[in-house]
Amino acid sequence: MNTEFVVNAKELKKMERVKRLKLINSISGIKSANLIGTKSKNGISNLCIISSVTHIGSNPPLIGFISRPNNKVKRDTFNNISENPYFTINSVEHSKVQNAHMTSAKYDKKISEFDKCGFKEIYIKDFPIPFVSSSRLKIGLKLMQKLKLINGTYFIIGQIEILNMPLHDVDKIMKKNIGVVGLNTYYSIKKIKEFDYVRLNEKSSNGH
1 MNTEFVVNAK ELKKMERVKR LKLINSISGI KSANLIGTKS KNGISNLCII
51 SSVTHIGSNP PLIGFISRPN NKVKRDTFNN ISENPYFTIN SVEHSKVQNA
101 HMTSAKYDKK ISEFDKCGFK EIYIKDFPIP FVSSSRLKIG LKLMQKLKLI
151 NGTYFIIGQI EILNMPLHDV DKIMKKNIGV VGLNTYYSIK KIKEFDYVRL
201 NEKSSNGH
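The opening residue of the sequence shown carries number 1 in my numbering; numbering runs sequentially from there.
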């Protein structure tokens, strides 16, 4: 009995939309779950769960994420950053995973997900966008670039303006953080092993 699933590009294109969406969203594996905080020009705070946050570079300190196309479905996060070029990235802890998932619903733009989904806003120094009070990792960013990709999505790149986290301990953050597969399946993150940084000398890198 063949237990493998094989599908080509034509068959993927013909696949029912939701089934294809769930499949392609899942095959890249566990990704970190984060909450993106923004604010509209009318002062309404917005919060949205995202699984595409990625490191771009450390000098300058840049982080990016993918924003879905803005033509068919309203995208308050994308619109807010376009109007007010600052945003926050906030970690999702175990105790808040259900609240975080609720931010994926399409609320009216006049409704703040902070209020609707049980999160408390907190402002740090003079940064103009609220952070999630319960998040152990809070990053405030300024929009530097919006790159339109081939499928109509945008890669949003921000430079870190403010960073708030437990002192010198990324491990403490990771112990309570959440990972996500697909659209609605969440996982704990557990450290397995830590290795020394791999550095090859000139001889070994030349194959001698």
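All C-beta atoms, glycine included, are put in the ideal place defined by N, C-alpha and C.
Distance from the Cα of I150 is smallest, within the candidate group G64, F5 and R68, for R68. Taking every protein chain shown into account, the CB of G158 has 16 or more other CB atoms within 10 angstroms, so this residue is buried. A Cβ-Cβ separation of about 7 Å places I156 in contact with L143 under the 8 Å criterion. E161: member of the beta strand (DSSP E) spanning Y154 to N164, first to last residue. In this structure, DSSP gives N90 an extended state, which the three-state scheme calls strand. L21 counts as exposed, since fewer than 16 other C-beta atoms from the protein chains shown sit within 10 angstroms of its C-beta. Leaving aside the five residues that flank I122 on each side, the residues in its chain whose CB is nearer than 7 Å to its CB run, in chain order, P130, F131 and S133.
By the criterion of a C-beta distance shorter than 6 Å, P61 is surrounded in its chain by I160, once the five residues flanking it on both sides are discounted. The C-alpha of T77 lies about 46 Å from the C-alpha of N201.
In this structure the segment 45-62 lies against the segment 111-120, because at least three pairs of beta carbons, one per stretch, are closer than 8 Å. A distance of 8 Å or more separates the beta carbons of F87 and L163. Contact between A33 and V92 is confirmed by a C-beta separation of about 4 Å, below the 8 Å threshold. For the pair I192 and N177, the CB atoms are not nearer than the 8 Å cut-off. A residue is called buried once 16 or more other Cβ atoms fall within 10 Å of its Cβ, and K13, having fewer, is exposed.
In the three-state reduction of the DSSP assignment, I192 falls in the coil class. V18 carries a helical assignment under DSSP once its states are collapsed to helix, strand and coil.
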